[in-house]
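Residue numbers (my numbering): 846 to 1661.
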Amino acid sequence: MQGDLVILFALIDYLCPPMDLLENLNDAQRAAVSNYKCPSLIVAGAGSGKTRVLTSRIAYMLQQGVEPWKILALTFTNKAAAEMRERIGRMVGEEQSRRLWMGTFHSIFLRILRLEADKIGYPSSFTIYDTADSRNLLKHIIKEMNLSDDTYKPAAVQARISLAKNNLITANAYAADEAFALEDRDRKQPALAAIYNEYARRCKHNGAMDFDDMLLNINILFKDHSDVLERWQKRFDYILVDEYQDTNYAQYIIIRRLAQHHSQVCVVGDDSQSIYSFRGAKIENILRFKSDFPAAQTFKLEQNYRSTQNIVGAANSVIERNANRLPKESFSSGTEGEKIKVIKAYTDKEEASLVADEIRSRIRSGGAGWGDVAILYRTNAQSRAFEESLRRRGIPYRIYGGMSFYQRKEVKDVLAYMHLIVNPRDDEAFRRVVNYPTRGIGDVTVARLSEAASARGISLFEAAREGAAEVNAGTQKRIKDFADLIDGFSVQRDQLSLYDFGLEVATRSGIIGSYRTENTPEAQSALDNIEELLNSMRTFTSDSVDDDGVTLPPTLTDWLQSITLLTDQDEDNSGDHVTLMTIHAAKGLEYKYVFIVGMEEQLFPSPRSVNSGEDLEEERRLFYVAITRAKEAVALSHCASRFKWGSVEPCSPSRFIKEIDPKYIDNADDEEASSELNRLWDVKKIQQTSAGRNFGHQNSFSEHAGSSNRNHAERFAARGQHGQNERHAGISDAGHGQISSAPPAGNFKPVTHTTRPTVADSGNYAAGQRVAHAKFGIGTITAVEQVTGDTKISVNFDTGGARTLLAKFAKLAIVG
DNA sequence: CGGACGAGGATTTTT
DNA sequence: TCCTCGTCCG
């Protein structure tokens, strides 16, 4: 009998042998995977197979018999968590992987908070406020306290409160702290402590937490309830943290608390990629891990599998200038590859054109698709010009960030109804929807309701339901009708499917009807977005799993919170389009070709960072992150002038360009041309001030006038998110033609030039002509364009590569 | 109470 | 230049 079993197991092993997880790893990776029984610091350079190591380590632990629910794995995005879960599932089976406690800090601790909410005085159905919600509440409070929102800018107040929370300073602690009081007095904001206090009170009263509250409250829970803490400590034998360099103090303390007794902590990260200090992230957390956990072993993953030698070399030459680093030698296992290209332009407009041209010629030459290309910038505002240039050429693109789908007014309105239904205590949600769509309950009435509510210590919604406000009979009825509407929804919530319920809310609230009657492109777009939102209810499946691995049916609460906790990176990034995003958003992603644009002083590094050594180091790390996204080629672009705040500002090349070791840069000796360019710009500026508008100025003015002609629907189409935008981005060029079909100049306002002025010396060159250049050899002119003081000539050189040259410097000889 | 129109501010990065 | 907020008037 025994023997039979052995044979049976052997047979099973033979038929489906357990995957050898240590195979196909390099030595450093293998060590990091197999030594799981000790605290570990895995320093993972860019492209070093970090995710692979993390997933293999977890899978290996499972294979060695560790129970999946004893493992807590924390990531920064849902996407990263989902991806890892999937990969682990492929290694050891889904049965195991789905039972792991794996997710973002916020989603995991939210789960715990919901279970323990009563212990810290919250309903388990508490609402989550996103940044906009919490800012609105702050605005309210500042106004109510009769403070000027000029001295108390809501965004700044919010940032300060956020910073306090990230450092586990509660409102009471803040008020009691002399140093803060002094600082606030110096900043002429003595009421900050009072605002913080009122904000915290209102959040609690509303049964709501903001993002920072989740981390703060879990710490309060663990601090005040040692039995609860102990239960969760025992729960997790192993804790793994991804992107450890980006954890803040609150997160750090949570990990330390949970690990206090017996858990083995494994953190993975790269100090060179710490780019979130503005949000409270502490690079020190990773730098001092070894002193926090003296028994820790360090594993260094230094082999870069992603990028070419030139890219890794260039990135290293930059990051080496930072003082505050863990020692590490990144090296590439790839080919030498292309050198880094620097693209110089006169204006932001031209920068976008040159980049788009370069993208097009790269893709046309074969071997890669649009999806292999990313345009990365420092600020979201830079996306506009590229949007234009890509659209004009019919290149499919997609923009990430900026106004996200879930921040749209119409979407937030529908969500506010849901929030109020789930949590009737949420006064902010109440205020948002009580008179939207308009139902004759105005500010005056809400003020009366508010009085009644605070007098009786109840929520606005309860006050509405009880008819507590002193108003005339007609208004009273309207209030009652609204309360009945919401109560009706609460009943339906338990009877209908998620999707049917959503449709019911969107319809019976009157939101859909009001957009229907509007009958404008904007309204149609809003309807599309609402439909999209409802569709996401249909396809939503809860990832809530109990310890037996049984998936729980999705609830409205699950769906709402999954939406609030979505991050930019969680969006589907597949598809054959050029990707436009901020460098921050690009962390963790990779592309064959990366264009880092706007490489200028006053932009990148950000002007706010240049006065502090630490901040400048962070900007440098940001640049490092940008370069290391590329697998095969990097191009940097900058321009001599940029449209900012409605006027043209001169720009000089970023110091970061000069920080790259010149041996990694394509024609590094071309620097002269760049300074020529700047000199030229200075001349231009003088002309501008002395002789009024010159052509260059007028051109850029007119082009902006042209771009403003885009209607809302079109902009939505281009900026929209979630699937439908992919479609729009693809067709935007053909579909909404006023910009793409006619030659650009034709669309501009009549007051400006419709053709470019011709200057005498342009006669020497023409498209199609063959020319010779001292350095690049022979090529064919593809375009000739007049710019102030010179002629710009685009040439396709036979040796490969298109180039834009200035007649003055290039000294082209006409061939034949 | 709600829509229209005018003034002024905006650009770091985001879980 | 664009968007948001506040005010004024119907």
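The beta carbon of each residue, even a glycine, is placed where N, CA and C say it ideally should be.
Item, Value
"Which stretch, first to last residue, makes up the beta strand (DSSP E) that contains PHE1440?", "1436 to 1441"
"What are the boundary residues of the alpha helix (DSSP H) that includes VAL1256?", "1254 to 1267"
"For ILE1006, which option in VAL1336, ASP1057 and LEU1467 has the closest C-alpha, if you only look at C-alpha atoms?", "ASP1057"
"Near THR1386, what residues of its chain come up, given a Cβ to Cβ distance below 7 Å and the 5 sequence neighbours on each side ignored?", "PRO1399"
"Write down every uninterrupted run of the beta strand (DSSP E) in the segment 1109 to 1145 whose length is 3 residues or greater and which is fully enclosed by it, in chain order.", "1109 to 1114"
"Determine whether the beta carbon atoms of ARG1310 and TYR1344 lie at a separation below 8 Å.", "no"
"Considering only residues of the same chain and omitting the five flanking positions on each side of TYR974, which have a CB-CB separation below 6 Å?", "ALA1053 and ASP1055"
"Quick one: is SER942 buried, meaning 16 or more other Cβ sit within 10 Å of its Cβ, or exposed?", "buried"
"Let's see if you can read the secondary structure: which residues bound the beta strand (DSSP E) around ARG1487?", "1475 to 1489"
"Could you tell me if GLY1287 is buried or exposed, where buried requires 16 or more neighbouring beta carbons within 10 angstroms of its beta carbon?", "exposed"
"Do you know offhand how far ASP872's Cα is from ARG902's?", "14 Å"
"Contact defined as beta carbons within less than 8 Å: I believe LEU899 pairs with LEU1132. What is the distance between those atoms, to the nearest angstrom?", "Contact doesn't hold; Cβ gap of about 20 Å is too wide."
"Checking the sheet assignment: what are the DSSP bridge partners for LEU1425?", "ILE1220 and ILE1244"
"Could you tell me which residues DSSP puts in a beta bridge with GLY1185?", "Sequence check: residue 1185 is Ile here, not Gly. Looking at the DSSP assignment, ILE1185 forms a beta bridge with ILE1510."
"On the criterion of 16 or more Cβ atoms from any shown chain inside 10 Å, does LEU960 qualify as buried, or is it exposed?", "exposed"
"Rounding to the nearest angstrom, what Cα-Cα distance links SER1152 and GLU1273 in this structure?", "48 Å"
"The beta strand (DSSP E) that contains ALA918, what's its start and end?", "916 to 920"
"Suppose the cutoff is 6 Å on Cβ atoms and the five residues either side in sequence are ignored; what does the same chain contact list for GLU1196 look like?", "ALA1190, SER1482 and CYS1484"
"Can you give me the Cβ contacts of GLY1613 inside the same chain, cut-off strictly under 7 Å, excluding the 5 residues immediately before and after it?", "THR1625 and ILE1626"
"Answer yes or no: do VAL1259 and ALA1351 have a C-beta to C-beta separation smaller than 8 Å?", "yes"
"Which residue wins for smallest C-alpha separation from GLN1096, given the options ASN1062, ILE1120 and TRP1077?", "ASN1062"
"Let's see if you can read the secondary structure: which residues bound the beta strand (DSSP E) around PRO1495?", "1492 to 1495"
"If you drop the 5 nearest sequence neighbours on each side, which residues of the same chain put their C-beta closer than 7 Å to that of ASP978?", "GLU1273"
"Have a look at ILE1662 and ALA1430 and give me their C-alpha separation to the nearest angstrom.", "This structure cannot settle anything about residue 1662, because the visible part of the chain is limited to 846 through 1661."
"Can you confirm whether the segment 1433 to 1447 touches the segment 1233 to 1240 when touching is taken to mean that 3 or more C-beta pairs between the two stretches lie within less than 8 Å?", "no"
"TYR1436 to LYS1489, Cα distance in whole Å?", "29 Å"
"In this structure, does DSSP put ASN1149 in helix, strand or coil?", "strand"
"If we ignore side chains and look at the alpha-carbon of each, how far apart do TYR905 and ARG897 end up?", "12 Å"
"Since TRP946 sits in a beta bridge, which residues does DSSP pair it with?", "LEU917"
"Report the rounded CA-to-CA distance for THR1473 versus PHE1440, giving the unit in angstroms.", "11 Å"
"Report the residue from GLN1003, LEU955, ALA1039 and THR996 whose alpha carbon sits nearest the alpha carbon of LEU1017.", "Here residue 1017 is Asn; the residue named in the question, Leu, does not match the sequence. If we check each option's Cα against that of ASN1017, ALA1039 comes out closest."
"Report, in whole angstroms, the separation of the C-beta atoms of TYR1150 and SER1381, which I expect to be a contact under 8 Å.", "Contact flag wrong, Cβ pair sits at about 35 Å."
"Please specify which runs of the beta strand (DSSP E), each continuous and at least 3 residues long, are wholly inside the segment 941 to 1002, giving them in chain order.", "946 to 949 and 972 to 974"
"Where GLN1148 and ILE987 are concerned, what is the direct C-alpha to C-alpha distance, given to the nearest angstrom?", "52 Å"
"Mind checking who PHE1176 pairs with in its DSSP beta bridge?", "GLN1148"
"Tell me the DSSP secondary structure of ARG930 in three-state form.", "helix"
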